[in-house]
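Structure first, then comments.
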Amino acid sequence: MFRKVLVANRGEIALRILNACREVGIRTVAVYSEADRNSLHVRFADEAICIGPPRLADSYLNVPAVISAAEIADVDAIHPGYGLLSENANFAEVCRASNIKFIGPPPEVTRLMGEKEKARQAMKKANVPILPGSDGVIATTEEAQVWARKVGFPVILKAKAGGGGRGMRIVRTAEELPNLFHAATGEASNAFGNGELYMEKFIEQPRHIEFQMLADEHGNVVSLFERECSIQRRHQKLIEEAPSLQVTPELREELGRTLCRCLKEIGYQNAGTVEFLMNGDGQLYFIEMNTRIQVEHPVTEAITGVDMVKAQLRIAAGERLDTILPPKIEIRGHAIECRINAEHPQKFTPSAGKITAFNVPGGNGVRVDTAQYAEGVVPPYYDSLIAKLIVHGVDRAEAIARMERALSQFVVQGIDTSVSMHQAIFADADFRAGRFDTKFMERFLAEKVESKAPAE
Amino acid sequence: MNPLNPEDIQDLKQLIEFLRENQVAEFEFGRGDSKVMLKFEQHQPSAGLPDLTSLPAGARAASTQIESAKAGTAAGAEAAAELDAGLHVVKSPIVGTYYGSPSPGAPPFVSPGEHVDKGQVICIVEAMKLMNEIESDGDGEIVKCFCSNGQPIEFGQPLFSIRLG
Numbered sequence: 007m008f009r010k011v012l013v014a015n016r017g018e019i020a021l022r023i024l025n026a027c028r029e030v031g032i033r034t035v036a037v038y039s040e041a042d043r044n045s046l047h048v049r050f051a052d053e054a055i056c057i058g059p060p061r062l063a064d065s066y067l068n069v070p071a072v073i074s075a076a077e078i079a080d081v082d083a084i085h086p087g088y089g090l091l092s093e094n095a096n097f098a099e100v101c102r103a104s105n106i107k108f109i110g111p112p113p114e115v116t117r118l119m120g121e122k123e124k125a126r127q128a129m130k131k132a133n134v135p136i137l138p139g140s141d142g143v144i145a146t147t148e149e150a151q152v153w154a155r156k157v158g159f160p161v162i163l164k165a166k167a168g169g170g171g172r173g174m175r176i177v178r179t180a181e182e183l184p185n186l187f188h189a190a191t192g193e194a195s196n197a198f199g200n201g202e203l204y205m206e207k208f209i210e211q212p213r214h215i216e217f218q219m220l221a222d223e224h225g226n227v228v229s230l231f232e233r234e235c236s237i238q239r240r241h242q243k244l245i246e247e248a249p250s251l252q253v254t255p256e257l258r259e260e261l262g263r264t265l266c267r268c269l270k271e272i273g274y275q276n277a278g279t280v281e282f283l284m285n286g287d288g289q290l291y292f293i294e295m296n297t298r299i300q301v302e303h304p305v306t307e308a309i310t311g312v313d314m315v316k317a318q319l320r321i322a323a324g325e326r327l328d329t330i331l332p333p334k335i336e337i338r339g340h341a342i343e344c345r346i347n348a349e350h351p352q353k354f355t356p357s358a359g360k361i362t363a364f365n366v367p368g369g370n371g372v373r374v375d376t377a378q379y380a381e382g383v384v385p386p387y388y389d390s391l392i393a394k395l396i397v398h399g400v401d402r403a404e405a406i407a408r409m410e411r412a413l414s415q416f417v418v419q420g421i422d423t424s425v426s427m428h429q430a431i432f433a434d435a436d437f438r439a440g441r442f443d444t445k446f447m448e449r450f451l452a453e454k455v456e457s458k459a460p461a462e
Numbered sequence: 234m235n236p237l238n239p240e241d242i243q244d245l246k247q248l249i250e251f252l253r254e255n256q257v258a259e260f261e262f263g264r265g266d267s268k269v270m271l272k273f274e275q276h277q278p279s280a281g282l283p284d285l286t287s288l289p290a291g292a293r294a295a296s297t298q299i300e301s302a303k304a305g306t307a308a309g310a311e312a313a314a315e316l317d318a319g320l321h322v323v324k325s326p327i328v329g330t331y332y333g334s335p336s337p338g339a340p341p342f343v344s345p346g347e348h349v350d351k352g353q354v355i356c357i358v359e360a361m362k363l364m365n366e367i368e369s370d371g372d373g374e375i376v377k378c379f380c381s382n383g384q385p386i387e388f389g390q391p392l393f394s395i396r397l398g
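Protein sequence lines, in the order shown, are assigned to chains S and Z. With my numbering applied, the first sequence covers 7 to 462. With my numbering applied, the second sequence covers 234 to 398.
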């Protein structure tokens, strides 16, 4: 097992990793920017090194600074957490060249999964269902019509160079395709300087389902089942649950086996999550793979009893899955996580500043992962996640009741938080019934605006 | 009370030194009619840090290298004193290992009392096998050097104090 590990991250996940290291006897090294001098991950690490000024690019994303810190602290391995450098294949390569173990998959695999088209092909080859689409760029409207017939309406035209929803058009019939094609090309040219388009099948009201995978360095792969993350705003997840009400035991079993085979074929190692969209008929389509631990891993930990970060450490240290995991892993109960952000609950504007009161709920089946504390300061330079509130219950009904109770006891003063927004969601009849898809938040927020208007 | 003779005062001074070194808060001693009572002022924990100061600081056992980088806080306190005295403090722009001379055994780049120009190389911080020359960011006289050869350095760590001008 490693003697010493450097945590190349900040906030709640840095603390999460430090905790796991501490519990297995690994000495911990924290790195921090000047803005994080009084952070919990700095205070609770065995050693701490300041690596730069507040800006991410100059500190947490500064590869030479992180590697230099790892060298002077003489660590065996680096855990990159999520975000930041965790999916940066170059960083993983520098670690390898510096003789420091990167806790994650090999750089080649990270690179493969990072290239969307290559990832799709790798999945397709392994019989993982992928979202049907064109093979690359479509030159003319005639070609587009051919592809649309093959893929099946509705389709979406997307800008190759694009993002942020621009250069995109949803096409529902062959008649409207030519005009929409030209409109999308024009918009993409203006926005990105490149009007090239490709096509994908469009899922009307998709649900977001993802599978948690673990692979050791000896070719063994295991599925730790799925999570549902459909409650999102602008592609940012707000609430995650495990298991998904939409996934049948048969689907879980079959897709689990297929994914294990696939990851074994591509030589995957350590933790990873495969993301899917599910259409109204329960059909899953691969969209992408995240080659790291995810924010919402605690809901999987709750229902399986597996400590994911410890599993990552042990895998990276060379242990086999059959010594890390119990022989049979089963789903126990239901877990839900709310991401508590430092932002206005209705306007969603970020809220930085000093926390004057911080009461964290506890009790049976309640877990809070946070790096904030009373008198702590939320700096303006980083993302707004300040806490993850996770509940576990014998079933979804108990989990919901538990979350409502816990949210009502989560008191934060001095900054705005999204606690009251979560409370409103948990009171919603559709959410409670499990009737939602990725458009839920749009509708939910629109309804709130409407219901507010008459009173004003 | 009988006035203390010179030997007694000498003993008392030694006693006070001893007690202070061992961070004794109060001491009382009586012999016959005489009694000595000493009370030391308690060190106040810095305001602004929350009650976390009373937490066990992660059982931070003494570390070989980073303890001296943590002495960055001791050097930080020293540097703060220099700042108060109107001196300019040169801080490290990178993370790495400090070297005061261009090679082992060679004379140091600069010494206290020496004049330096802005842009003049005053030390090296090695990072990832690269020797980064650190330049003075002002003209003046080197007053103090805070680091020693081979010491691990973090970003912002005080390296030298300079009397500008």
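Beta carbons: idealized from backbone N, C-alpha and C, even for Gly.
Under the assumption that residue i contacts residue j (Cβ atoms under 8 Å), give the Cβ distance between them as a whole number of angstroms.
| i | j | result |
| --- | --- | --- |
| Z:Ile-395 | Z:Val-349 | 7 Å |
| Z:Leu-397 | Z:Lys-324 | 15 Å between Cβ atoms; not a contact. |
| S:Gln-252 | S:His-214 | Not a contact, Cβ separation roughly 11 Å. |
| S:Val-72 | S:Val-37 | 6 Å |
| S:Gln-151 | S:Ala-180 | 6 Å |
| S:Ile-335 | S:Met-409 | In fact, because the Cβ distance is near 24 Å, the residues do not count as touching under 8 Å. |
| S:Glu-223 | S:Ile-321 | 6 Å |
| S:Val-69 | S:Phe-97 | 5 Å |
| S:Val-35 | S:Glu-53 | 5 Å |
| S:Phe-159 | S:Val-177 | 7 Å |
| Z:Gly-426 | Z:Ser-369 | Chain Z is shown only over 234 to 398; residue 426 of chain Z falls outside these bounds and no answer can be derived. |
Drop a sphere of 10 angstroms on the beta-carbon of residue i, count the other beta-carbons inside from all chains shown, and report buried for 16 or more, exposed for fewer.
| i | result |
| --- | --- |
| S:His-241 | exposed |
| S:Arg-473 | Because chain S spans 7 through 462 in this model, residue 473 of chain S falls outside it and cannot be assessed. |
| S:Glu-247 | buried |
| Z:Ala-294 | Any reading at Z:Ala-294 must be qualified, since the residue scores a pLDDT of 35, below 50, and its modelled position is unreliable; no value is offered. |
| S:Ile-293 | buried |
| Z:Ile-299 | Caution is warranted here: a pLDDT of 42 is assigned to Z:Ile-299, below 50, making its placement in the model unreliable, and no coordinate value can be reported. |
| Z:Met-364 | exposed |
| S:Asn-133 | exposed |
| S:Gln-218 | buried |
| S:Arg-175 | buried |
| S:Ile-144 | buried |
| Z:Gln-384 | buried |
| S:Arg-345 | buried |
| S:Pro-212 | buried |
| Z:Lys-268 | exposed |
| Z:Met-270 | exposed |
Taking the Cβ atom as the reference point for each residue, do residue i and residue j lie within a distance shorter than 8 Å?
| i | j | result |
| --- | --- | --- |
| Z:Ile-367 | Z:Val-343 | no |
| S:Ile-109 | S:Ala-83 | yes |
| S:Asn-347 | S:Ser-414 | no |
| S:Pro-112 | S:Asn-15 | no |
| S:Asp-434 | S:Ser-357 | no |
| S:Leu-319 | S:Val-228 | no |
| S:Ala-256 | S:Arg-233 | Reading the sequence as shown, one finds Glu at residue 256 of chain S and not Ala. No; because the gap between Cβ atoms is not below 8 Å, this pair is not in contact. |
| S:Ala-26 | S:Lys-316 | yes |
| S:Pro-304 | S:Ile-396 | yes |
| S:Gly-139 | S:Val-157 | yes |
| S:Ile-32 | S:Val-11 | yes |
| Z:Val-328 | S:Ala-75 | yes |
| S:Leu-244 | S:Met-119 | no |
| S:Tyr-470 | S:Leu-62 | Outside the displayed range of chain S (7 to 462) lies residue 470 of chain S, so it cannot be described from this structure. |
| S:Met-40 | S:Pro-60 | The sequence given here has Glu at residue 40 of chain S, not Met. Result yes, Cβ atoms of S:Glu-40 and S:Pro-60 sit closer than 8 Å. |
Could you check whether the Cβ of residue i sits closer than 7 Å to any heavy atom belonging to the ligand GTP?
| i | result |
| --- | --- |
| S:Gln-218 | The ligand GTP is absent from the structure shown, which contains no ligands of any kind. |
Given 8 Å as the limit, is there contact between the segment 343-362 of chain S and the segment 261-272 of chain S, that is, 3 or more CB pairs closer than that? The segment 343-362 of chain S vs the segment 261-272 of chain S: no contact.
Residues of the segment 42-60 of chain S with a CB closer than 9 Å to any CB of chain Z: list them in chain order, please. Asn-44, Leu-46, Arg-49, Phe-50, Ala-51, Asp-52, Glu-53, Ala-54, Ile-55, Cys-56, Ile-57, Gly-58 and Pro-59
Quick one: any contact between the segment 42-49 of chain S and the segment 374-389 of chain S, if contact means 3 or more CB pairs under 8 Å? yes
Would you call the segment 362-377 of chain S and the segment 413-428 of chain S touching, i.e. three or more CB-CB distances under 8 Å? yes
Is it the case that the segment 366-378 of chain S contacts the segment 433-444 of chain S, given that we only count it when at least three CB pairs across the two stretches are under 8 Å? The answer is no - the segment 366-378 of chain S does not touch the segment 433-444 of chain S, with fewer than three Cβ pairs under 8 Å.
Mind checking the segment 363-390 of chain Z against chain S and listing, in chain order, the residues whose C-beta falls within less than 8 Å of any C-beta there? Pro-385, Ile-386, Glu-387, Phe-388, Gly-389 and Gln-390
If the cut-off is 9 Å on Cβ atoms, which residues from the segment 71-102 of chain S count as contacting chain Z, listed in chain order? Ala-71, Val-72, Ile-73, Ser-74, Ala-75, Glu-77, Ile-78, Ala-79, Asp-80 and Val-100
At a cut of 8 Å, does the segment 269-282 of chain S reach the segment 292-308 of chain S through at least three beta carbon pairs? Contact holds between the segment 269-282 of chain S and the segment 292-308 of chain S, because three or more Cβ pairs, one in each stretch, are under 8 Å apart.
Taking a Cβ distance cut-off of 7 Å, strictly less, list which residues of the segment 22-43 of chain S are near chain Z, in chain order. Glu-40
The segment 157-166 of chain S / the segment 196-207 of chain S touching (three or more Cβ pairs under 8 Å): yes
Residues, ordered as in the chain, of the segment 316-337 of chain Z that lie near chain S by beta-carbon distance below 7 Å: Ile-327, Val-328, Gly-329 and Thr-330
For the segment 343-361 of chain Z, which residues have a beta carbon sitting closer than 7 Å to at least one beta carbon of chain S? Ala-360 and Met-361
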